[in-house]
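The next block holds one structure in the form of C-alpha cells; read it before the comments.
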Amino acid sequence: MGQGVHVQELPGIGKRYDIDLGHGGDRVSVVVRRDGTRDLYVFTARSDEPTAVIELSEEQSRKVGAVLSGTFFA
C-alpha cells in the first residue's frame, strides 16, 4: 500500500492495516470490518498489547479521517 503501511486480509472479518509511526516501533492498527465498523489499536514499542482500543462506526471513522487528512473545516 505504501511505505510503512502493511495490509493483511482477515478472513471472515475484513482487512487490517498496520501503520508504522516511525517513533521507535510505535504503530497503529486499523481493522476495517465488513459491516463498516473500524477498530483502532494503538501500540507502543514497549508492548505487544495495545495501549488503547477504540471502536468507531463508519460515520465516526469518516469524521476522524476528515480531521486527520485536513479536509474538515469548522
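Quick note: the sequence shown uses this note's numbering, first residue 49, plus one each step.
C-beta atoms are modelled at their ideal positions from N, C-alpha and C, and glycine is treated no differently.
Only a predicted model underlies this, so the values are computations on that prediction, with no experimental measurement involved.
Query                                                                                     : Result
Beta-carbon separation (whole angstroms), residue 74 vs residue 91, contact threshold 8 Å : 7 Å
Proximity of residue 62 and residue 81 at Cβ, strictly below 9 Å                          : yes
Three-way DSSP call (helix, strand, coil) for residue 97 in this model                    : coil
Residues that DSSP places opposite residue 54 in a beta bridge                            : 66
Collapsed DSSP secondary structure at residue 82 in the structure displayed               : coil
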